[in-house]
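What follows is one structure encoded as structure tokens, with my remarks underneath.
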Ligand code: 9Z3
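Residue numbers (UniProt numbering): 1 to 387.
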């Protein structure tokens, strides 16, 4: 039946069908309405001020295995890219809606919250029992504090959390739709590490998945006793029912693909906003090809490709608005780094990079480059609208 629908229905209707089905089957997060109200006020406020606004998505999306979730599948992302980018967008004059995985890194607090040391290590006891920043940390902390207070005082940062993949998709759709009146000055910067697979609700267990047959056997015998039959003797397997020897079960997880909603985002949820997606790969050979494929398939405005191993050192921009472009932190291990590294149009060999993180945050280069393309995009759309 489904395959008949798939072969006979035009692709745009299929995307709409997939959307209707997915959002009806996967319930919205409980705070969606509250988040929508906050986002609406925030967007109206900045729209009136004619400020550019960006939705930054950040962190991993969980895939619950149970409705009352004890276990879930997750991914590596701590939200560094998103939280760091949000700070540079604020610096560039954007208002930022920061849609992030709960408890992942946040703009500003990221400098202290997930530090290897405890945040208390940045503090010391001052005179008269007060608490102050340690002398060696004070200058930097003051710098971060001023930027943080500036964002708070000017109401330029709205922080909204999500947990699961379906929470993320509900929130993304709602915020993108709310941003529609901004037209091309709305920017969607999708840095969250979005799961490609999930357990559909009709196959999801309500309760914690059991690792032995003990509970099942217990329920069976309880039911049988309640019905006052002697059947329990026949159906009851001695081995399974013995609490002394519970049989351990292996767990086989069957995941469905998450529908590709980028098409719906580009065509329906945000038809005028500039859409920037990230493409994450681990195989350097396929990165640029996959980024181009994504752009071709969804017809959005910029794909930023990055490799897991080198994502803090380099990214590649693939966009119809400009030629392909690598953005790199010069490798200090290379003698003529500043020129040679920038010219390369191939991914760098991770083995050639020094251990640890670069001194410069690559987002300090990414955001001005995105901003430049955004300006170009706004001009293109405005020219088209006038014609
Ligand atoms: C990214 O590629 C981000 O840059 C990272 C950031 C997740 C690598 P960290 O949190 O990592 O700073 O450690 N995000 C997008 C990944 C993604 O799920 N993209 C989808 C895909 O590759 C397309 S929307 O198919």
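From the three backbone atoms N, C-alpha and C, an ideal C-beta is built for every residue, glycine too.
These numbers were taken from a predicted model, which means no experiment stands behind them.
Residue i classed as buried or exposed, judged by whether at least 16 other C-beta atoms fall within 10 angstroms
| i | result |
| --- | --- |
| residue 87 | buried |
| residue 251 | exposed |
| residue 225 | exposed |
| residue 119 | exposed |
| residue 131 | exposed |
| residue 379 | exposed |
| residue 247 | exposed |
| residue 93 | exposed |
| residue 143 | exposed |
| residue 312 | buried |
| residue 20 | exposed |
| residue 223 | exposed |
| residue 238 | Per-residue confidence for residue 238 stands at a pLDDT of 45, beneath the threshold of 50, marking its modelled position as unreliable; the derived number appears in the next sentence. Looking at its Cβ environment, which holds fewer than 16 other Cβ atoms inside 10 Å, residue 238 is exposed. |
| residue 1 | With a pLDDT of 43 at residue 1, under the threshold of 50, the modelled position of this residue cannot be trusted; read the value that follows with caution. By the neighbour-count rule (16 or more Cβ atoms within 10 Å), residue 1 is not buried but exposed. |
| residue 100 | buried |
| residue 387 | exposed |
| residue 211 | exposed |
| residue 356 | exposed |
Beta-carbon spacing of residue i, residue j below 8 Å
| i | j | result |
| --- | --- | --- |
| residue 55 | residue 168 | no |
| residue 102 | residue 162 | yes |
| residue 307 | residue 346 | no |
| residue 85 | residue 191 | yes |
| residue 61 | residue 165 | yes |
| residue 174 | residue 104 | no |
| residue 266 | residue 195 | no |
| residue 274 | residue 111 | no |
| residue 158 | residue 38 | yes |
| residue 333 | residue 358 | no |
| residue 360 | residue 329 | yes |
| residue 9 | residue 95 | no |
| residue 394 | residue 263 | Nothing about residue 394 can be reported from this structure: the residues present for the chain run from 1 to 387 only. |
| residue 90 | residue 151 | yes |
| residue 83 | residue 64 | no |
| residue 183 | residue 299 | no |
| residue 362 | residue 315 | yes |
| residue 176 | residue 270 | yes |
| residue 370 | residue 276 | yes |
| residue 123 | residue 134 | yes |
The ligand HEM heavy atom lying under 7 Å from the CB of residue i
| i | result |
| --- | --- |
| residue 371 | You won't find the ligand HEM in this model; what it holds is the ligand 9Z3. |
### Task
For the region 31-67, list the beta strand (DSSP E) runs that are entirely contained and at least 3 residues long, ordered along the chain.
53-58
### Task
Starting from the N-terminal side, write out each stretch of the alpha helix (DSSP H) that is 4 residues or longer and does not extend beyond the region 94-120.
110-113
### Message
Give me the pocket residues for the ligand 9Z3, defined as CB within less than 6 Å of any heavy atom, sorted by chain position.
### Response
77, 78, 79, 80, 81, 190, 191, 193, 194, 277, 278, 279, 280, 306 and 311
### Task
Note down, one range per segment and in chain order, each beta strand (DSSP E) of at least 3 residues found wholly within the region 124-160.
131-133
### Message
At 3 residues or longer, what runs of the beta strand (DSSP E) sit wholly inside the region 262-317?
### Response
274-281 and 302-307
### Task
Give a yes or no on contact between the region 366-376 and the region 292-307, applying the rule of three or more CB pairs nearer than 8 Å.
yes
### Query
Below 8 Å, can you find three or more Cβ-Cβ pairs linking the region 31-50 to the region 283-292?
no
### Query
Of all the alpha helix (DSSP H) runs that stay within the bounds of the region 159-207, which reach a length of 4 or more residues?
165-178
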